[in-house]
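If you read the protein sequences in the order shown, they are chains P and Z. Residues 1 to 253 in my numbering are what the first sequence lists, from first letter to last. Residues 254 to 567 in my numbering are what the second sequence lists, from first letter to last. Positions of the beta carbon are idealized from the N, C-alpha and C atoms, including for glycine. Please read these numbers as outputs of a predicted model, since none were measured by experiment.
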Amino acid sequence: MIQVVSLSKFYGKKAVVEDVSVTIQPGKITSFIGPNGAGKSTLLSMVSRLLDADTGEVLIDKADARKMKSNEFAKKVSILKQSNYMNVRLTIRELVSFGRFPYSKGRLTDEDEQIVDQSLEYMHLTELQERYLDELSGGQRQRAFIAMVIAQDTDYILLDEPLNNLDMKHSVQIMKILRRLVDELGKTVVIVLHDINFASVYSDWIVAMKDGRVVKNGPTEEIIQSEALKEIYDMDIPIQKMDGCRICVYFNS
Amino acid sequence: MKYLLLGLLVLSAASLFVGVSTVSPLDLLNLQSEDTQIFLISRLPRLIAILLAGAGMSIAGLIMQQLSRNKFVSPTTAGTLDATRLGILVSMLVFANASMLQKMAVAFAFALAGTFLFMQILDRIKFKDAIFIPLVGLMFGNILSSVTTFFAYKADVIQNMSAWLQGDFSMIMKGRYELLYISVPIIIIAYFYANRFTIAGMGEDFSKNLGLAYRRIVNIGLILVALITATVVLTVGIIPFLGLIIPNIISIFKGDHLKKTLPHTALLGAIFLLICDILGRVIIYPYEISISLMVGVIGSGIFLYLLFRRKRYA
Numbered sequence: 001m002i003q004v005v006s007l008s009k010f011y012g013k014k015a016v017v018e019d020v021s022v023t024i025q026p027g028k029i030t031s032f033i034g035p036n037g038a039g040k041s042t043l044l045s046m047v048s049r050l051l052d053a054d055t056g057e058v059l060i061d062k063a064d065a066r067k068m069k070s071n072e073f074a075k076k077v078s079i080l081k082q083s084n085y086m087n088v089r090l091t092i093r094e095l096v097s098f099g100r101f102p103y104s105k106g107r108l109t110d111e112d113e114q115i116v117d118q119s120l121e122y123m124h125l126t127e128l129q130e131r132y133l134d135e136l137s138g139g140q141r142q143r144a145f146i147a148m149v150i151a152q153d154t155d156y157i158l159l160d161e162p163l164n165n166l167d168m169k170h171s172v173q174i175m176k177i178l179r180r181l182v183d184e185l186g187k188t189v190v191i192v193l194h195d196i197n198f199a200s201v202y203s204d205w206i207v208a209m210k211d212g213r214v215v216k217n218g219p220t221e222e223i224i225q226s227e228a229l230k231e232i233y234d235m236d237i238p239i240q241k242m243d244g245c246r247i248c249v250y251f252n253s
Numbered sequence: 254m255k256y257l258l259l260g261l262l263v264l265s266a267a268s269l270f271v272g273v274s275t276v277s278p279l280d281l282l283n284l285q286s287e288d289t290q291i292f293l294i295s296r297l298p299r300l301i302a303i304l305l306a307g308a309g310m311s312i313a314g315l316i317m318q319q320l321s322r323n324k325f326v327s328p329t330t331a332g333t334l335d336a337t338r339l340g341i342l343v344s345m346l347v348f349a350n351a352s353m354l355q356k357m358a359v360a361f362a363f364a365l366a367g368t369f370l371f372m373q374i375l376d377r378i379k380f381k382d383a384i385f386i387p388l389v390g391l392m393f394g395n396i397l398s399s400v401t402t403f404f405a406y407k408a409d410v411i412q413n414m415s416a417w418l419q420g421d422f423s424m425i426m427k428g429r430y431e432l433l434y435i436s437v438p439i440i441i442i443a444y445f446y447a448n449r450f451t452i453a454g455m456g457e458d459f460s461k462n463l464g465l466a467y468r469r470i471v472n473i474g475l476i477l478v479a480l481i482t483a484t485v486v487l488t489v490g491i492i493p494f495l496g497l498i499i500p501n502i503i504s505i506f507k508g509d510h511l512k513k514t515l516p517h518t519a520l521l522g523a524i525f526l527l528i529c530d531i532l533g534r535v536i537i538y539p540y541e542i543s544i545s546l547m548v549g550v551i552g553s554g555i556f557l558y559l560l561f562r563r564k565r566y567a
């Protein structure tokens, strides 16, 4: 369980995240939604220790995140940021092997190699494993990074807008994979999403942020309601039920 | 790898027996002859110096490219070489009869400070274009260089300084190159840190996710680069482009995983410098073309090719 206790971050005098307290349930997909500049990514960066919080604290399984050794922390919590695109020429297998770095410091044991094999298999990347990252499509590259996170074998997986720059097919593919990580491997996935329909269809829990604060926090059915969305986005968004999914029709509202 | 090693051996042998006074392998059997003396005092040190400088500068470039995440950054294009020269000038002006080690220490400090400053500038630049960054580095280097020239002119040591401007192996003799052996432990240390440098090359967020102390690794890398650069400039002089092109060529064929590419980079760097040196000695025989001119001409050609190649991709 991740507990965020009155976390704040200021740039100058402006609060980007202000007094946010939220609990992330284990074994679920929790989506953070909200308008641009709501502080979702900043919050995620603070939870994963990429950014220092100005006030407040983060508890990972009741332990203070700041007091954990960075190596131990890297075995508990992993984060993928949207800026993970780069032109480094590494093969998929080399990248995924880095997921084992917190465990073996680069000297891979047989067990590490096995875990790398399994992660590649899980993401259907076994045939592509010797290809270089800069030769892949956006969807393949995103899958490679997720394979690395699987090899890192953390209980908590945080993703900052993983669907950015992906087409519909690959977005659905990635969301289905995240669902499987939770349902089959028992991981806890926390994700920042822009498309509320992906949040509605795939997540168990939704946290909505606006102006650095949490405005709504609850199970998906409670948040994907016209009244709640009005409060978050200042838009009248009708909800349609289709095949058991709640779809927000926001295009002409 | 096999071909690289073979090439290195053949060229090394050739290098030993090219020169104004002919030394044949047979003469070496006679330990007292003049030829043997030439061999031990001049030829062998020259070969060792070339190998160490070539491998060292290539590794320095490789580490810099990885840490700055830019394929066009190297000691030449990041002001490291110019900072080192400024350091040598300062050591000459402050300590009148500076020993080699004193010069080394001051040059190292300046190389480190210069490289560090460049990395700080890099952090602050918003516009991270692949070509723009080395341009900033070149400008930064030229500013340092003009400071050096100004004070060298004031103190009337321009002549002295130009000795360090031109890389030159013809002055390498027994007793004047041993400082270069520092590159050996540095390359070994670099190899131990290869995984960490590779991860650091993926960015700060990526490194922190894997529990890597990003800042510390970057600083260690910069220290290694500054050490190599300072020793090479002090003993041989400036060798431009080497740290730029060698890592790029290896990257095209072998990728960017330092654990895999580091040995190849070191070998190819040594081979390239050997070829340049042998050509420089043969073209206007019995005179010599200085190594920095040879590397500059051949290297800038290859550099241009790499630039155009990149354009095609984009």
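- In this structure, the straight-line span from the alpha carbon of Z/K461 to that of Z/Q318 is close to 20 Å.
- Assignment of alpha helix (DSSP H) within the stretch 194-243 of chain P, counting only whole runs of 4 or more residues, yields 196-202, 220-223 and 226-233 in chain order.
- In its chain, beyond the 5 residues on either side, D19, S21 and G56 have a beta carbon closer than 6 Å to the beta carbon of P/S6.
- Look at the beta carbons and you see the stretch 306-316 of chain Z touching the stretch 516-525 of chain Z: at least three pairs across the two are nearer than 8 Å.
- Here Z/F422 has R299, A302, I303, V489, D530 and I544 as same chain residues with Cβ atoms under 7 Å from its own Cβ, once five neighbours each way along the sequence are excluded.
- Cβ-Cβ distances below 7 Å link P/Q173 to G139 in the same chain, with the five nearest sequence neighbours on each side left out; the list follows chain order.
- Shown here for Z/T337: same chain residues with a beta carbon closer than 7 Å to its own, the five before and five after excluded, namely A360, F363, A364, T482, A483 and V486 in chain order.
- Approximately 6 Å separates the beta-carbon atoms of P/R49 and P/F73; this is inside 8 Å, confirming the contact.
- With 16 or more neighbouring CB atoms inside 10 Å of its own CB, P/V116 falls in the buried class.
- Judged by DSSP in its simplified three-state form, P/Y250 adopts coil rather than helix or strand.
- In the DSSP assignment, the residues bridged to P/Q3 are P/T23 and P/L59.
- Rounded to the nearest whole angstrom, the C-alpha separation of Z/V437 and P/V96 is 31 Å.
- In summary, the residues of the stretch 503-529 of chain Z whose CB is separated from some CB of chain P by less than 9 Å are S504, I505, K507, G508, D509, H510, K512 and K513, in the order they occur in the chain.
- At a cut-off of 9 Å between C-beta atoms, Z/I452 counts as an interface residue with respect to chain P.
- With fewer than 16 other beta carbons inside 10 angstroms of its own, Z/Y538 counts as exposed.
- As a beta-bridge residue in DSSP terms, P/Y11 pairs with P/K14.
- Per the coordinates, the alpha-carbon of Z/G508 lies some 41 Å from the alpha-carbon of P/Q25.
- Counting of Cβ neighbours within 10 angstroms places Z/H510 among the buried residues, the total reaching 16 or more.
- Within chain Z, no residue has its CB atom less than 7 Å from the CB of P/K176, the nearest being about 23 Å off.
- Sequence-distant Cβ neighbours of P/P102 in its own chain, meaning closer than 6 Å and more than five residues away, are N71, A74 and K75.
- Shown here for Z/P493: same chain residues with a beta carbon closer than 7 Å to its own, the five before and five after excluded, namely T329, S545, V548, G549 and G552 in chain order.
- Restricting attention to P/K67, P/G212, P/T91 and P/K169, the CA atom closest to the CA of Z/K513 is found in P/T91.
- In this structure, the straight-line span from the alpha carbon of P/K13 to that of P/N197 is close to 34 Å.
- Neighbours of Z/D382 in chain P, taken as residues at a C-beta separation under 8 Å, are lacking, since the least C-beta distance is about 13 Å.
- Counting only runs of 4+ residues, the alpha helix (DSSP H) found wholly inside the stretch 63-92 of chain P occupies 70-76, in chain order.
- Straight through space, the alpha carbons of P/R246 and P/Q3 are spaced by roughly 28 Å.
- Of the other Cβ atoms in all chains shown, 16 or more fall within 10 Å of the Cβ of P/P162; this residue is therefore buried.
- For Z/F450, the enclosing alpha helix (DSSP H) stretches over residues A447 to A453.
- If you look at P/I150, you'll find it isn't in any beta strand (DSSP E); it sits in the alpha helix (DSSP H) that goes G138 to Q152.
- At a cut-off of 9 Å between beta-carbon atoms, Z/L463 makes contact with chain P.
- Between Z/N472 and chain P, the shortest Cβ-Cβ separation is not below 9 Å.
- Looking at the backbone, the Cα of P/N252 and that of P/H170 are separated by about 26 Å.
- Residues of chain Z whose Cβ lies closer than 8 Å to the Cβ of P/Y132 are, in chain order, G508.
- By the Cβ test, the stretch 198-216 of chain P is not in contact with the stretch 149-162 of chain P, since fewer than three Cβ pairs between them sit closer than 8 Å.
- The alpha-carbon separation between Z/L261 and Z/L334 amounts to approximately 26 Å.
- Residues of chain P whose Cβ lies closer than 8 Å to the Cβ of Z/A267 do not exist, since the nearest Cβ in that chain is about 33 Å away.
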